[in-house]
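Here the protein sequences come in this chain order: A and B. Each residue of the first sequence is one higher than the last, beginning at 51 in the working numbering. Each residue of the second sequence is one higher than the last, beginning at 10 in the working numbering.
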Amino acid sequence: DAGVIQSPRHEVTEMGQEVTLRCKPISGHDYLFWYRQTMMRGLELLIYFNNNVPIDDSGMPEDRFSAKMPNASFSTLKIQPSEPRDSAVYFCASSSGLVNTGELFFGEGSRLTVL
Amino acid sequence: ILNVEQSPQSLHVQEGDSTNFTCSFPSSNFYALHWYRWETAKSPEALFVMTLNGDEKKKGRISATLNTKEGYSYLYIKGSQPEDSATYLCAAHNQAGTALIFGKGTTLSVSS
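Encoded structure:
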């Protein structure tokens, strides 16, 4: 398996622009997570899905952030409009099942810089 | 909100030294504790998943213990090597079906 695939790996954009980050989880994994890594807060959970359904989005910073999972093999995290404080590395991870204490498999991350 | 704390924040040791770091978490409603290793420019990779009080797991020179009654886990590295340099993340969740909450990590640097 190719692992969790994220795109783009790097994105530089200007304040106010829309940003879309993409994730393809490992085939067969039924949980998908979006985390954000910053120096100040470490790795913080934004939202996660189970069987394509959002379960907990309490970590989403504000209405500018939205996430979707239209099918089992694809998820997006969208920021509109983007702001400089959104600059961070965004990680997607998937798991075969939290009930079985399944480990997370992370993508390589999308480094976002908002100027 | 589940709060996971790790200490120290960073650590510098010499090659051959043994070291350990701590992860603390709320002991109430504990479900599982994970350790991940995160090398620079890579993504975090799982080391251990532990659920039972008294659990002890080992992978090569790295081992971990779990105390769910008092809410802590230790990660030990025996005879540190430069390739052990990484950030070690601890994560916990307090019930089935909830997401992992991560600590901020302990960054280990091993000098040769």
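Heads up, the beta-carbon is just placed ideally off N, CA and C, and yes, glycines get one too. The structure presented is a predicted model; accordingly, all values stated were derived computationally and were not measured.
Distance between residue j and residue i (C-alpha atoms, nearest Å)
| i | j | result |
| --- | --- | --- |
| Gln-23/B | Ser-72/B | 19 Å |
| Tyr-140/A | Leu-93/A | 9 Å |
| Tyr-97/B | Thr-88/A | 16 Å |
| Ile-129/A | Ser-57/A | 14 Å |
| Gly-109/A | Ala-143/A | 15 Å |
| Met-59/B | Gly-66/A | 43 Å |
| Glu-22/A | Ala-55/B | Residue 22/A is absent from the model: chain A starts at 51 and stops at 165. |
| Tyr-98/A | Leu-11/B | 16 Å |
| Ser-94/B | Gly-69/B | 15 Å |
| Trp-84/A | Val-119/B | 31 Å |
| Pro-104/A | Phe-155/A | 19 Å |
| Ile-133/A | Ser-116/A | What sits at residue 133/A in the sequence shown is Glu, not Ile. If I take the Cα positions, the gap works out to 14 Å. |
| Phe-92/B | Pro-35/B | What sits at residue 92/B in the sequence shown is Glu, not Phe. When rounded, the distance between both Cα atoms is 32 Å. |
| Gly-88/B | Asp-26/B | 5 Å |
| Ser-82/B | Tyr-40/B | 13 Å |
| Tyr-85/B | Glu-68/A | 44 Å |
| Gly-114/B | Asn-62/B | 22 Å |
| Ile-55/A | Ser-146/A | 16 Å |
is_contact[residue i, chain A] using C-beta, thresh 8 Å
| i | result |
| --- | --- |
| Val-58/B | yes |
| Gly-114/B | yes |
| Ile-71/B | no |
| Ala-95/B | no |
| Ile-86/B | no |
| Leu-61/B | no |
| Phe-111/B | yes |
| Ala-101/B | no |
| Leu-117/B | no |
| Leu-98/B | yes |
Residue-level contact to chain B via CB, residue i, 8 Å cutoff
| i | result |
| --- | --- |
| Phe-141/A | yes |
| Glu-153/A | yes |
| Gly-78/A | no |
| Gly-66/A | no |
| Glu-61/A | no |
| Glu-133/A | no |
Note down, one range per segment and in chain order, each beta strand (DSSP E) of at least 3 residues found wholly within the region 81 to 114 of chain B. List check, beta strand (DSSP E) in window: 81 to 86, 95 to 102.
Where the region 82 to 108 of chain A meets chain B: residues whose CB sits under 7 Å from a CB there: Those residues of the region 82 to 108 of chain A that come within reach of chain B (Cβ to Cβ, closer than 7 Å) are Phe-83, Gly-92, Leu-93, Leu-95, Tyr-98, Asp-106.
Return the residues of the region 36 to 59 of chain B that lie within a Cβ-Cβ distance of less than 7 Å from chain A, sorted by chain order. For the region 36 to 59 of chain B, the set of residues with a beta-carbon nearer than 7 Å to any beta-carbon of chain A comprises Ala-41, His-43, Ser-52, Pro-53, Ala-55, Val-58, in chain order.
Secondary structure, alpha helix (DSSP H): runs of 4+ residues fully inside the region 71 to 138 of chain A: The region 71 to 138 of chain A contains no whole alpha helix (DSSP H) run of 4 or more residues.
In chain order, which continuous runs of the alpha helix (DSSP H) of length 4 or greater are located wholly inside the region 12 to 86 of chain B? None, since the region 12 to 86 of chain B contains no complete alpha helix (DSSP H) of that length.
Please name the residues in the region 110 to 130 of chain A whose beta-carbon is closer than 7 Å to at least one beta-carbon of chain B, in chain order. Cβ contacts with chain B: none found.
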